[in-house]
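Enquirer:
Protein chains: 2
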Amino acid sequence: MKREWDLLHTPGPTPIPPSVDRAMSQPIIGHRGQKCKDLLKELTPRLKPVFGSLENVQLLTGSGTSALEAAVVNTTAPGDKVIVVVAGAFGDRFAKLCQTYECNVHRIDVEWGKAVEVKEVEETLREHSDTKAVFVTHCETSTGVMHPVEDVAKSVHRLSQALVIVDGVSSIGGAEINMERSGIDLLVSGSQKAMMLPPGLAFAAIGERAWKVIEENDRPRFYLDLRTYDKKLTDGQTPFTPALSLMFGLEEVLNLIEEEGLEQVFERHQVMKQMTREACRALHLPLFVADEDASCTVTSIKPETFDPEKLRKIASEEFGLMLAGGQQHLKGQIFRIGHMGYTRPANVLQYISILEIVLKRLGHEFEAGAGTAAAQEAYLSVARELV
Amino acid sequence: MKREWDLLHTPGPTPIPPSVDRAMSQPIIGHRGQKCKDLLKELTPRLKPVFGSLENVQLLTGSGTSALEAAVVNTTAPGDKVIVVVAGAFGDRFAKLCQTYECNVHRIDVEWGKAVEVKEVEETLREHSDTKAVFVTHCETSTGVMHPVEDVAKSVHRLSQALVIVDGVSSIGGAEINMERSGIDLLVSGSQKAMMLPPGLAFAAIGERAWKVIEENDRPRFYLDLRTYDKKLTDGQTPFTPALSLMFGLEEVLNLIEEEGLEQVFERHQVMKQMTREACRALHLPLFVADEDASCTVTSIKPETFDPEKLRKIASEEFGLMLAGGQQHLKGQIFRIGHMGYTRPANVLQYISILEIVLKRLGHEFEAGAGTAAAQEAYLSVARELV
């Protein structure tokens, strides 16, 4: 099936709104000229509320992982003790980055599918009071868990001087987060998830305390040296040629977010989460994550009666509905639905209805239309509340 | 003036062909799905002739500098002796990268505006026979010099075991280069110059000898670890979410290059160089670089009778013609014209004709129409040859 017919519901990359696509098609401009300075000076402060940040948000040209690496190499030196919460592939990536860059890594390994408990972080921190930084994933894309990063941050700051560094790649722009309120020191993200852009742009929001550490840190770094990004930004520039077309698109993404209202954007993601989860329950599809730990941007299902890879294959071939499978030891065990960014309740109704057909083909038993009805009911109950 | 009217003739970023722009607007696909695997497996071998490479070309998501950094961190360890040819801002960047990553750097400082002489490299190499790598810039964008990198490579390999690592950011896709013929070991580039794409994608073509060094090198690296790119490529994947829209565009760029013919693409850049240089001579605009050292993608002019910044300002404000100024100590001393990528002799005729008006406004003396006539003559003399 041609990609024109695809219904992209992987947990990133995600579909691009047509107006963002048009914005990205604007003619290229010189990256040292006035037009680019004006654009960058407009964009970086407008990103602040999305990150709940008091400081400008820095733009890096790279995948989300480049921002994770920037967070590690700018704040740590070899031998520094760090705590990393690992409850999936992306927590694991943070830990691998810290190990690669020769930190003294203490992992808090949490069962995949569960969120970390704040008290676990507190206990580890008490054992390792000389910890320089605590790394946590906001939304663990590989499982669909949303870790309580704001509570973790508050707790860490009560107990220690450690920085709290958060991977917000698959949450920023979809889930509420507030660096100011919670004391998160460094929050990084990527363009290709709830930020409704193609991959290739990464973000770093850096609090005051983190800046102090970054300024004093003499670990060798160049392309991802956040000091040079900040220095250049005062002149409306980036140190290296930035992903200009994604910057053009970002301007329109911010227009869309501001028109809808940031609160409403977050609310929409909550509604899509509820609709998806209620539908799964009605369809006897076991949710991999408990309600209290579940992400509002991605939902994981662990079927017991059929192979999730078969479901993905039929959904893709018959309807162009692209879902994600499991990663690492969850390969072949779960499937994941992304519902973030340029996605509305109408899209949820569509993929639930498609899933019902696919489940019929797989011989999975459920009351006809039960998923759709449950999703509709979840939607209407919220809509009533909103009235 | 709105950017829709701009005539972008900086030496990168450069304009995007409409068909490439349309290709980039294709719907986003999952980066772990079959469609993306098919695309990557198609793209990387098709890049080989552009780099004159026997090996697949790796795609990185980042600015050109990310590829320079990848070249440094993958091939060197702290303390390694390296030679860096510095004859402008980008040679200087290679040297800074090597210094940042704690190499033992021997700079060959060449006067800005001149190309390195092969014998200088040979002499330095004789003095430092334990050199691990020689870093050279192909086109030094800041001056418009094209260094004889193929001759340097042959010479280095005659004298030593050192790797030859070349920055081809502003040459690849416009200037002929052949890794196989010359023995260049590692050749990196970016998307936003002669490759006719927006910034955000970077390339690394890696020869057999370089792979051996890279495999054995245990310097810590993660996002730019070329080993993981190669490993993932065997499965048609990149280690991290790639700049998908630029990959869609790259497919069409390769279509355009193949339709025109690679030889013809290189020839077109030579013609544009000759047209520009002959026009400058006729307009009494002093060329900053001698013919034998001059790049076919960018031409620098060092006016004696007027301020180049004034020329740039009028060209930009009155005609939307965007030219570049000088960098570092050449700021306010030179202006630079980019003629690469999606640029044809017709564009040269246009910017020369605009320059004539701007020069009139500046009170610069020249025979009316002399620049245009010289450019036309240069074009016709080649056209006659081609008949």
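So the sequences go chain by chain: G and V.
For the first sequence, the residue numbers in my numbering are 1 to 387.
For the second sequence, the residue numbers in my numbering are 388 to 774.
We put the beta carbon where it would ideally sit given N, CA and C, even for glycine.
Using DSSP's beta-bridge definition, name the partner residues of V/Ser682.
Expert: According to DSSP, which records beta bridges pairwise, V/Ser682 is partnered with nothing at all.
Enquirer: Name the chain V residues whose beta carbon is nearer than 8 angstroms to that of G/Thr14?
Expert: Within 8 angstroms of the CB of G/Thr14, the CB atoms of chain V belong to Ile415, in sequence order along the chain.
Enquirer: Between V/Arg390 and chain G, is there a C-beta pair that is closer than 8 angstroms?
Expert: True, the Cβ-Cβ gap to chain G drops below 8 angstroms.
Enquirer: Check whether the Cβ atoms of G/Met272 and G/Thr14 lie closer than 8 angstroms to each other.
Expert: If you check the CB distance, G/Met272 and G/Thr14 do not come in under 8 angstroms.
Enquirer: Does the ligand GDP have even one heavy atom less than 7 angstroms from the beta-carbon of V/Leu633?
Expert: As presented, the structure is devoid of all ligands, the ligand GDP included, so that no description of it is given.
Enquirer: Do the region 175-188 of chain G and the region 323-332 of chain G make contact, defined as three or more Cβ pairs closer than 8 angstroms?
Expert: no
Enquirer: Using CA coordinates, which residue listed in V/Pro586, V/Gly555, V/Lys580 is at the minimum distance from V/Asp572?
Expert: Nearest option by C-alpha distance: V/Gly555.
Enquirer: Alpha carbon to alpha carbon, how far is G/Ile28 from G/Leu244? Give it in angstroms, no decimals.
Expert: Spanning the alpha carbons of G/Leu244 and G/Ile28 requires a straight line of approximately 7 angstroms.
Enquirer: Anyone know if the C-beta pair for G/Phe222 and V/Leu426 falls short of 8 angstroms?
Expert: no
Enquirer: Please go through the same chain and pick out, in chain order, the residues whose beta-carbon is closer than 7 angstroms to the beta-carbon of V/Gln486, but skip the five residues on each side of it.
Expert: Val492
Enquirer: Buried or exposed for V/Gln421, going by 16 or more other Cβ atoms inside 10 Å?
Expert: exposed
Enquirer: For V/Asn491, which of helix, strand or coil comes out of DSSP?
Expert: Secondary structure at V/Asn491: strand, using DSSP grouped into helix, strand and coil.
Enquirer: Run through the region 502-574 of chain V for me and flag every whole beta strand (DSSP E) of 3 or more residues, listed as ranges in chain order.
Expert: Complete beta strand (DSSP E) runs here, min 3: 520-524, 550-554.
Enquirer: Is G/Phe222 close to chain V? Criterion is C-beta to C-beta, closer than 8 angstroms.
Expert: yes
Enquirer: Would G/Val166 and G/Ile83 qualify as a contact pair, given that the criterion is a beta-carbon distance under 8 angstroms?
Expert: no
Enquirer: Starting from the Cα of V/Thr511, find the closest Cα among V/Asp678, V/Trp499, V/Ser558, V/Arg494 and give me that residue.
Expert: Of the candidates V/Asp678, V/Trp499, V/Ser558, V/Arg494, V/Arg494 places its Cα closest to the Cα of V/Thr511.
Enquirer: Taking Cβ-Cβ distances shorter than 7 angstroms, what residues in chain G pair up with V/Glu456?
Expert: Residues of chain G with a Cβ closer than 7 angstroms to the Cβ of V/Glu456 are, in chain order, Phe222, Tyr223.
Enquirer: From the DSSP output, in three-state form, read off V/Phe627 for me.
Expert: coil
Enquirer: What residues of chain V sit near G/Met322, judged by a beta carbon separation below 8 angstroms?
Expert: Ile416, Gly417, Gly420
Enquirer: The alpha helix (DSSP H) spanning G/Ile214 covers which residue range?
Expert: 208-216
Enquirer: Where does V/Gly417 land, buried or exposed, given buried means 16+ other C-beta within 10 angstroms?
Expert: Under a 10 Å Cβ-count criterion, V/Gly417 is classified as buried, with 16 or more other Cβ atoms of the shown protein chains found around its own Cβ.
Enquirer: Can you tell which of V/Leu611, V/Ala581, V/Ser558 has the C-alpha that lies nearest to the C-alpha of V/Thr448?
Expert: V/Leu611
Enquirer: By Cβ distance, which residues of its chain are closer than 8 angstroms to G/Glu278, with the 5 residues on each side in sequence left out?
Expert: Ala374, Ala375, Glu377, Ala378
Enquirer: Just to make sure I have the definition right: I need the residues of chain V whose C-beta is within less than 7 angstroms of the C-beta of G/Ser66. Which are they?
Expert: For G/Ser66, the C-beta contacts it makes with chain V under 7 angstroms involve Gly449, Tyr610, in order along the chain.
Enquirer: If you follow the beta strand (DSSP E) that V/Thr448 is part of, which residue opens it and which one closes it?
Expert: Annotation: the continuous beta strand (DSSP E) that includes V/Thr448 extends over 444-448.
Enquirer: Taking C-alpha atoms, which residue in G/Leu359, G/Ala95, G/Met340 lies nearest to G/Glu267?
Expert: G/Met340
Enquirer: By how many angstroms is the C-alpha of V/Asp605 removed from the C-alpha of V/Thr452?
Expert: 21 angstroms
Enquirer: Name, going along the chain, the residues of the region 287-299 of chain G whose beta-carbon falls closer than 8 angstroms to a beta-carbon of chain V.
Expert: none
Enquirer: Note down, in chain order, every chain V residue with its Cβ under 7 angstroms from the Cβ of G/Gln192.
Expert: Thr628
Enquirer: Would you list the residues sitting across from G/Leu201 in a DSSP beta bridge?
Expert: G/Thr61
Enquirer: Please list the partners that G/Glu388 has in chain V, where partner means a Cβ-to-Cβ separation under 8 angstroms.
Expert: With chain G covering 1 to 387 only, the question about residue 388 of chain G has no answer from this structure.
Enquirer: Any residues in the region 160-180 of chain G with a beta carbon nearer than 8 angstroms to a beta carbon of chain V? Which ones, in chain order?
Expert: Result list empty, no residue passes.
Enquirer: Hey, out of V/Asp678, V/Asn642, V/Glu639, V/Ala669, whose CA is closest to V/Gln657's CA?
Expert: V/Asp678
Enquirer: Report yes if the CB atom of V/Phe477 is closer than 8 angstroms to the CB atom of V/Glu537, and no otherwise.
Expert: No, the pair does not count as a contact, with Cβ atoms beyond the cut-off.
Enquirer: Would you give the residue range spanned by the beta strand (DSSP E) that V/Ile470 belongs to?
Expert: 468-473
Enquirer: So G/Leu246 contacts chain V; which residues on that side make the cut at Cβ distance below 7 angstroms?
Expert: Annotation: Cβ neighbours of G/Leu246 in chain V (cutoff 7 angstroms, chain order): Gly587.
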